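A.B. asks: So the number in the numbering used here is just where the residue sits in the sequence shown, counting from 1, plus 156.
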Amino acid sequence: MEEGTRLVQRLSNLHILHLMFNCTSHHTEQLVTLDDRLKMLSESLKIQLARDMKEALLLARQSAKKLVEIEGYNREQLETLRLQVQQQEQPSAL
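1) Output the distance between the C-alpha atoms of Glu-232 and Glu-199, rounded to the nearest integer angstrom.
2) DSSP three-state call for Gln-125: helix, strand or coil?
3) Look at the Cβ atom of Leu-114, then the Cβ atom of Gly-160, and state whether they are nearer than 7 angstroms.
4) To the nearest angstrom, report how far apart Lys-210 and Ala-216 are at their CA atoms.
5) What number of angstroms, rounded off, separates the C-alpha of Leu-223 from the C-alpha of Leu-205?
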């Protein structure tokens, strides 16, 4: 990969006419190989990105589910406390 990068840099500095007459088949093969590797890397990164996004979505759903559970638990606790306070405030009938 680094060799391909150096080749591209070296060839990028040459004039187009110089490239047309001095770019050997070896350079062409190297550039084609570099292009193929870059395409494979791009596809691999797309797959990795999709996997990471799916994992992030799963974690977000799990977090949302836990938040709903916590909210429900808190509502139950608040209702219990409210009932206890109401019972304490009512005068006992003796």
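Glycine included, C-beta positions come from ideal geometry on N, C-alpha and C. Owing to the predicted nature of the structure, the values given are computational and were not obtained by experimental measurement.
C.D. replies: Put simply:
1) Walking along the sequence shown from the start, residue 232 turns up at place 76. Walking along the sequence shown from the start, residue 199 turns up at place 43. Near 50 angstroms, if we compare the C-alpha coordinates of Glu-199 and Glu-232.
2) Residue 125 falls outside the range modelled here, since the chain spans only 157 to 250, and no answer is possible.
3) Any answer about residue 114 is impossible in this case: the structure gives the chain only from 157 up to 250.
4) In the sequence shown, the residue the question calls residue 210 occupies position 54. In the sequence shown, the residue the question calls residue 216 occupies position 60. Cα to Cα, Lys-210 sits roughly 10 angstroms from Ala-216.
5) Here residue 223 is taken as the residue at index 67 of the sequence shown, counted from 1. Here residue 205 is taken as the residue at index 49 of the sequence shown, counted from 1. Computed Cα separation, rounded: 27 angstroms.
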